[in-house]
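Every letter in the sequence shown is one number past the one before it in UniProt numbering, and letter 17, counting from 1, is 17. Heads up, the beta-carbon is just placed ideally off N, CA and C, and yes, glycines get one too. Small disclaimer: the values here were computed from a predicted structure and weren't measured. Just below is one structure, and these are the notes that go with it.
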Amino acid sequence: MTKPVLFYFWSERSQHCLELTPVLERLAAQYNGQFILAKLDCDAEQMVASQFGLRAIPTVYLFQNGQPVDGFQGAAARRGDPRPAG
1 MTKPVLFYFW SERSQHCLEL TPVLERLAAQ YNGQFILAKL DCDAEQMVAS
51 QFGLRAIPTV YLFQNGQPVD GFQGAAARRG DPRPAG
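Now the structure itself:
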C-alpha cells in the first residue's frame, strides 16, 4: 500500500499560507511518515500550479493511490480540522 500524499499549493505572498504552513508541517511530523507532505511554491512553479487549475491559495489535495480523495481551497481551509480522517 502506498502512503497518502497531502499536496499543498502555497505562496509566501499569502498570509493564509504563512499561517497554514507550520500547521501542516507539525501534522506531518506528528504522523511520523504516515503520509507525505508535498509542497509546491506556486510563485516558483507557476506552470505546474496552472495545470491543476487552482482557484485559490492555499489549496490542499489529499491523494490516495494516485487519485484525489479530498481537499480544500482558500482561507476557509484554516477553519476546518486539518487532521487526516481515520
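Buried or exposed (CB count within 10 angstroms, at least 16 for buried), residue i
i, result
"P84", "Confidence is the limiting factor: at P84 the pLDDT is only 46, short of 50, which leaves the residue's position unreliable, though a coordinate-based value still follows. Exposed is the call here."
"P58", "buried"
"V60", "buried"
"A49", "buried"
"L18", "exposed"
"Q67", "exposed"
Residue from the options whose Cα sits closest to the Cα of residue i
i, options, result
"E25", "K39, K3, Q15, G66", "K39"
"T2", "G74, N65, V69, E19", "N65"
"T21", "L54, G33, F7", "F7"
"R13", "I36, D41, V23, L54", "D41"
"G74", "W10, L27, V5", "W10"
"R55", "Y31, A44, G71, V5", "G71"
"N32", "P4, V69, F63", "P4"
Residues bridged to residue i [DSSP beta-bridge criterion]
i, result
"M61", "Position check: residue 61 holds Tyr in this sequence, whereas Met was assumed. Beta-bridge pairing links Y61 to F7, G71."
"A38", "F7"
Residue i: first and last residue of the uninterrupted alpha helix (DSSP H) it sits in
i, result
"L54", "Run containing L54: none; DSSP gives neither H nor E here."
"R26", "15-30"
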